[in-house]
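Chemist:
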Ligand code: GLN
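Residue numbers (my numbering): -5 to 295.
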């Protein structure tokens, strides 16, 4: 692991800055997935949070003797980072697209990749349209709330199988000014028999159960990440059952793994979708599949 970058100016051995750099080196050490620069960013963030400092105030404080600061809260947060918790859980919040979302260990940490799912959904929702939108497996609520805030006339319903996740999502919707989002406990479409929507979005679990990358995600809910031997189990059932919940002309948009584009397009085709498109995330990786439901095919004869 590369070491944490040195301070741009000399820092005294007993300064706060030296202490933060030593802590960042511990955080990046061993089999940590963090590099030195990222570890330093995390350490700065927990210090600023614990002491209520702006980044500028923290820079100025770095030259001060460490003994001048009361670091109990910082040390508790650092211990959680060293135990493998993501920064978002330790801070209790994560920025996503245009807002900051509260998070707990009951929900997946919102990823920048998922912004592509929101953009795909918004592309199929005209600003003045009063249509019904469904977010499956809402987690923190970040997708449902971003859609509701960008399209205030849409009627957004968000479901999750996990009651603790729904409590987090409801709190985010209320705090960020989207109190109209309806939250419902449901295992995918289970509580939605007979309901139809213009747009269904989902960021389901899609990681394969033997994916080595999972060891770095151990603090997050496994049920939000893992979907069978190839990661496609939940995507398969969401896509196959979407026609029962879409109006003719409605759209399904799902997030998937960057190597699952072809497999997910095939699931859409098998379920009878048309206009099937793959969209890329900010890193240029295939990330979202969108398709239009034209209605049931007419039976021949
Ligand atoms: N993109 C996430 C990751 O691999 C997985 C999210 C998901 O399964 N929905 O870190």
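A virtual CB, placed ideally from N, CA and C, is assigned to each residue, including glycine.
Just how far apart, CA to CA, sit residue 295 and residue 236?
Modeler: Any reading at residue 295 must be qualified, since the residue scores a pLDDT of 46, below 50, and its modelled position is unreliable; no value is offered.
Chemist: Would you identify the three-state DSSP class for residue 175, choosing helix, strand or coil?
Modeler: The answer is coil: DSSP assigns residue 175 none of H, G, I, E or B.
Chemist: Using a threshold of 9 Å, state whether the C-beta atoms of residue 238 and residue 200 are closer than that.
Modeler: Not a contact, by the Cβ cut-off of 9 Å.
Chemist: Which of the three DSSP states, helix, strand or coil, is assigned to residue 93?
Modeler: It is a strand residue.
Chemist: Within the continuous alpha helix (DSSP H) that includes residue 229, where are the two ends?
Modeler: Taken as a continuous stretch (DSSP letters only), the alpha helix (DSSP H) holding residue 229 covers 227 to 235.
Chemist: If we ignore side chains and look at the alpha-carbon of each, how far apart do residue 209 and residue 105 end up?
Modeler: Straight-line Cα distance between these residues: approximately 17 Å.
Chemist: Is residue 218 near the ligand GLN - that is, is its Cβ less than 8 Å away from at least one heavy atom of it?
Modeler: Residue 218 Cβ: within cutoff of the ligand GLN.
Chemist: Under DSSP, the beta strand (DSSP E) around residue 129 begins and ends at which residues?
Modeler: Here the beta strand (DSSP E) through residue 129 covers 126 to 130.
Chemist: Could you tell me the alpha carbon to alpha carbon distance between residue 17 and residue 34, rounded to whole angstroms?
Modeler: Roughly 8 Å between the two C-alpha positions.
Chemist: DSSP three-state call for residue 295: helix, strand or coil?
Modeler: Residue placement at residue 295 is flagged as unreliable, the pLDDT there being 46, under the threshold of 50; the coordinate-derived value follows with that caveat. Coil, per DSSP.
Chemist: For the beta strand (DSSP E) containing residue 261, list its first residue and its last residue.
Modeler: Element bounds for residue 261: not the beta strand (DSSP E) but the alpha helix (DSSP H), 255 to 264.
Chemist: Just the C-alpha distance for residue 121 and residue 113, rounded to the nearest angstrom, thanks.
Modeler: C-alpha separation (whole angstroms): 13 Å.
Chemist: Could you check if residue 129 is buried or exposed, using at least 16 other CB atoms within 10 Å of its CB as the buried criterion?
Modeler: Flag for residue 129 reads buried.
Chemist: Leaving out five residues on either side along the sequence, give the residues of the same chain with a beta carbon under 6 Å from the beta carbon of residue 43.
Modeler: So the qualifying residues of the chain are 85.
Chemist: Taking the beta carbon of residue 154 as the centre, do at least 16 other beta carbons fall within 10 Å, making it buried, or is it exposed?
Modeler: The residue is buried, with at least 16 neighbouring Cβ atoms inside 10 Å.
Chemist: Could you tell me which uninterrupted beta strand (DSSP E) segments, each at least 3 residues in length, are contained entirely in the stretch 15 to 94, listed from first to last along the chain?
Modeler: You should have 87 to 90.
Chemist: Which one of 156, 211, 126 has the shortest CA to CA distance from residue 146?
Modeler: Measuring from the Cα of residue 146, the nearest candidate turns out to be 126.
Chemist: Could you give the uninterrupted runs of the alpha helix (DSSP H) lying entirely in the stretch 128 to 205, keeping only those of 4 residues or more?
Modeler: Segments of the alpha helix (DSSP H) lying fully in the stretch 128 to 205: 136 to 144, 157 to 170.
Chemist: Between which two residues does the alpha helix (DSSP H) carrying residue 249 extend?
Modeler: Run containing residue 249: none in the alpha helix (DSSP H); it sits in the beta strand (DSSP E), 240 to 249.
Chemist: Using only the heavy atoms of the ligand GLN, determine whether one of them is closer than 8 Å to the beta carbon of residue 47.
Modeler: No, the beta carbon of residue 47 sits no closer than 8 Å to any heavy atom of the ligand GLN.
Chemist: Alpha carbon to alpha carbon, how far is residue 192 from residue 215? Give it in angstroms, no decimals.
Modeler: Rounded to the nearest angstrom, the two C-alpha atoms are 29 Å apart.
Chemist: Tell me whether residue 273, by its Cβ, gets closer than 8 Å to a heavy atom of the ligand GLN.
Modeler: Answer for residue 273: no, Cβ out of range of the ligand GLN.
Chemist: Assuming residue 40 and residue 83 form a contact by the criterion Cβ under 8 Å, report the distance between their Cβ atoms to the nearest whole angstrom.
Modeler: Contact flag wrong, Cβ pair sits at about 11 Å.
Chemist: Relative to the alpha-carbon of residue 279, which residue among 123, 107, 140, 270 has its alpha-carbon at the smallest distance?
Modeler: Checked all of 123, 107, 140, 270; the closest Cα to residue 279 is 107.
Chemist: Give a single yes or no on whether residue 249 has its beta carbon closer than 8 Å to a heavy atom of the ligand GLN.
Modeler: Yes, Cβ of residue 249 sits closer than 8 Å to a heavy atom of the ligand GLN.
Chemist: Do residue 96 and residue 87 have their C-beta atoms within less than 9 Å of each other?
Modeler: In contact: residue 96 and residue 87 (Cβ atoms closer than 9 Å).
Chemist: Considering residue 273, what are the terminal residues of the beta strand (DSSP E) in which it resides?
Modeler: From DSSP, the beta strand (DSSP E) with residue 273 extends over 268 to 274.
Chemist: For residue 176, I'd like the list of residues in its chain whose CB is within less than 6 Å of its CB, leaving aside the five on either flank, ordered along the chain.
Modeler: So the qualifying residues of the chain are 151.
Chemist: Give me the residue from 118, 256, 181, 245 with the minimum Cα distance to residue 289.
Modeler: The shortest C-alpha separation from residue 289 is found at 245.
Chemist: Less than 8 Å between the CB of residue 105 and some heavy atom of the ligand GLN, yes or no?
Modeler: Checking every heavy atom of the ligand GLN against the Cβ of residue 105, one is found closer than 8 Å.
Chemist: Where do the ends of the beta strand (DSSP E) carrying residue 280 lie?
Modeler: Unbroken beta strand (DSSP E) run through residue 280: 280 to 287.
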